[in-house]
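Visitor: Sharing a structure here in structure tokens format.
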Amino acid sequence: MPVVIVEAWAGKTIEQKKQLVEGITSVITNMGIPPQEVHIIIKDNPKHNWATGGKLASEESPEK
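Structural data, given as structure tokens:
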């Protein structure tokens, strides 16, 4: 039972998340794993909780 955890900035639509999980599931099922055994967790993170190079992502790319 593979578990895939996706950490991303908050703000993705339900449709975008649906496409993401369908794509991830497709890749894993191509390895012979049944789709019902694929578990995906999407963690939405606000940009002020994410930093790169010592700067908050919200400073570089403010939330809309």
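Quick note on the working numbering: the sequence shown kicks off at 1 and runs consecutively. By construction, the Cβ of each residue, glycine as well, lies at the ideal position given by its N, Cα and C atoms.
1. On the three-pair Cβ rule with 8 angstroms, is the stretch 22-38 touching the stretch 50-59?
2. Spatial neighbours of Ala-51 within its chain, please: C-beta separation below 7 angstroms, excluding the five flanking residues on both sides.
3. The alpha helix (DSSP H) spanning Ala-57 covers which residue range?
4. Pull up the distance between the alpha-carbon of Val-27 and that of Val-4, whole angstroms please.
Guide: Short version:
1. no
2. Ala-57
3. 57-60
4. 12 angstroms
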